[in-house]
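Colleague: Got a structure for you, written out below as structure tokens; questions coming shortly.
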Amino acid sequence: MKVHCYNILLFSFTLIILLLSPSQVNNQMNHYNRAHMKNIEPTKSYRSLCECELYTSMYDDDPEMKEIMHDFDRQTSQRFEEYDEERKTEKRPKYKEQRDKDIQQIILKDKMEKSLAEKVEKGCLRCGCGLGGVAAGVGIIGPVAVNVWEIGAKATAIELATKEGIDAGVKAAIVKIKNVSAFVDLKNVSWTNFINDSNYNSISGLVEAVKEAMASINKPCISNSHERACSGLSHDADYFISSAVQAGQDATVLTTESAKTANLGEVTTASSNAYSAIGYSVIAIMIIVLVMIIIYLILRYRR
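Going letter by letter, the sequence shown gives residues -27 to -1, 1 to 276 in mature numbering (1 follows the signal peptide of the UniProt record, and there is no 0).
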């Protein structure tokens, strides 16, 4: 068994040796030999592609080529100059006309803006001056007019209060006479036809009014009359008439004072409102004038 194993190993080793090619063996031998040999051949240095001048023309140093290129450049420049001159000659009138139109439009626009600014400026100035005059007139004339109106209104208020007081006094005198027992026959008489603002506050006036009332019912107060009213007037007129006179006078005073107070209060309120309205109007006008002056100054400064 051992003999067979040895034979197998020997056979495998022999087979491996036979399979190795002679070239590989030689290469391996050369590899080991080159490591110990000195290179006696000189090495050459090669330039890389990036170090070469790829864009260098081969005709740069050629005089004829330089002359040809110079002539080409000269002719090309001449042609461009001629073309440019032709274009300028053709387009110059058109451009000049367009430029003139633009200049005219700019000048016209500038004139319009200046004219409008001047008109607005003058309008603001005139408006400010006019409103300033109006404010001054309202501030001066307004209070004077209100004062005159107030004086007239107070006089009218007093007059109306006096009239109301007289009417109240006449009514009070009539009511008092109707309540006098001596004049019971005169209850159905229309006293307003006999008692008025001229006789209600005097004894003699009311005596005459009572006599006229008696005559209106066909009972005149003659010297020999026995009518109760007539006898009362002839014997003691003050007793029967004085109370009516006093009632009329008291009613007149009270009504006149109350009416006067009310009417004068209304006049004072109205005049105060008028003064306030004038003051507010003047303030509003002055504000408008101030705005106009500011606009005028701004336009003047810009122009």
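Heads up, the beta-carbon is just placed ideally off N, CA and C, and yes, glycines get one too. Owing to the predicted nature of the structure, the values given are computational and were not obtained by experimental measurement.
Does the separation of the CB atoms of N246 and A130 fall below 9 Å?
Modeller: In this structure, N246 keeps its C-beta atom at 9 Å or more from the C-beta atom of A130.
Colleague: For Y253, name the three-state secondary structure that DSSP assigns.
Modeller: helix
Colleague: What residues in its chain sit with their C-beta under 7 Å from that of A182, if we drop five residues either side in the sequence?
Modeller: Once the five neighbours on either side are set aside, the close Cβ partners of A182 are F167, I168 and N172.
Colleague: Give the DSSP-derived three-state secondary structure of L263 in the structure shown.
Modeller: L263: helix per DSSP, three-state reduction.
Colleague: Measure the C-alpha to C-alpha separation of M2 and D35 and round it to an integer number of angstroms.
Modeller: Residue placement at M2 is flagged as unreliable, the pLDDT there being 46, under the threshold of 50; the coordinate-derived value follows with that caveat. Each residue's alpha carbon lies about 58 Å from the other.
Colleague: Measuring CB atoms only, is the segment 125 to 140 touching the segment 218 to 238, in the sense that at least three cross pairs come out at less than 8 Å?
Modeller: yes
Colleague: Assign K192 to one of three DSSP states: helix, strand, or coil.
Modeller: DSSP places K192 in coil when its eight states are reduced to three.
Colleague: May I have the straight-line CA-CA distance separating V153 from F213, to the nearest angstrom?
Modeller: For V153 and F213, the distance between alpha carbons rounds to 7 Å.
Colleague: Among residues of its own chain, excluding the 5 on either side of K74, which ones have a beta-carbon nearer than 7 Å to its beta-carbon?
Modeller: In its chain, beyond the 5 residues on either side, no residue has a beta carbon closer than 7 Å to the beta carbon of K74.
Colleague: From D140 to D170, what does the alpha carbon distance come to, in whole angstroms?
Modeller: Roughly 7 Å separates the two Cα atoms.
Colleague: For I150, count neighbouring C-beta atoms within 10 Å of its own C-beta (all shown protein chains included) and say buried if the count is 16 or more, exposed if not.
Modeller: buried
Colleague: Kindly confirm or deny that the segment 245 to 259 and the segment 85 to 94 touch, where touching means at least three C-beta pairs closer than 8 Å.
Modeller: The segment 245 to 259 vs the segment 85 to 94: no contact.
Colleague: Do you know whose CA, among K233, L179 and K127, lies nearest A210's CA?
Modeller: L179
Colleague: Does the count of Cβ pairs from the segment 94 to 110 and the segment 256 to 267 closer than 8 Å reach three?
Modeller: yes
Colleague: On the three-state DSSP scale, how would you describe residue 330?
Modeller: Beyond the ends of the chain as shown, which are -27 and 276, falls residue 330; an answer cannot be given.
Colleague: Return yes when the Cβ of A224 is within less than 9 Å of the Cβ of A145, no when it is not.
Modeller: yes
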